[in-house]
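Trainee: Residue numbers (my numbering): 1443 to 1547. This structure is in structure tokens; I'll ask about it shortly.
Okay, structure coming up:
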């Protein structure tokens, strides 16, 4: 059996306020979803959900860093939407910090 506690955790620095942010126009599909959200704010009709059972001891810091590493590799996970000059745009952050609240059950 492997001793996973001996594996070094990846070094991921937190985002800084001066990092690069890219802005792009929305695709036609994104425009449709943005418009639907404007008509019915907060509607969860297009949200996808999935439950995942993880066995073994949880290392919260390792999980948070793993999620940040995945987001670092995929622009889609770092993309948010904003309105600039009255037009919706995609805002792609250079990095994101993953908030991982814990509840002791």
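Built from N, CA and C at the ideal position, the CB exists for glycine as well.
Alpha carbon to alpha carbon, what distance is there between residue 1500 and residue 1477?
Mentor: Spanning the two alpha carbons is a distance of roughly 40 Å.
Trainee: If you follow the alpha helix (DSSP H) that residue 1512 is in, where does it begin and where does it stop?
Mentor: Element bounds for residue 1512: 1502-1515.
Trainee: Taking the alpha helix (DSSP H) that residue 1477 belongs to, which residues open and close that run?
Mentor: From DSSP, the alpha helix (DSSP H) with residue 1477 extends over 1470-1481.
Trainee: Do residue 1508 and residue 1538 have their beta-carbon atoms positioned less than 8 Å apart in this structure?
Mentor: For residue 1538 and residue 1508, no; Cβs fall outside 8 Å.
Trainee: Take residue 1468 and list the residues in its own chain whose beta-carbon comes closer than 8 Å to its own, dropping the five residues that flank it on each side.
Mentor: Only 1476, 1523, 1530, 1531, 1532 meet the Cβ criterion.
Trainee: Identify, in the order they occur along the chain, each residue of the same chain with its Cβ nearer than 6 Å to the Cβ of residue 1519, setting aside the five sequence neighbours on each side.
Mentor: Once the five neighbours on either side are set aside, the close Cβ partners of residue 1519 are 1513.
Trainee: Just the Cα atoms here: how many angstroms apart are residue 1502 and residue 1487?
Mentor: Looking at the two C-alpha atoms, the distance is approximately 30 Å.
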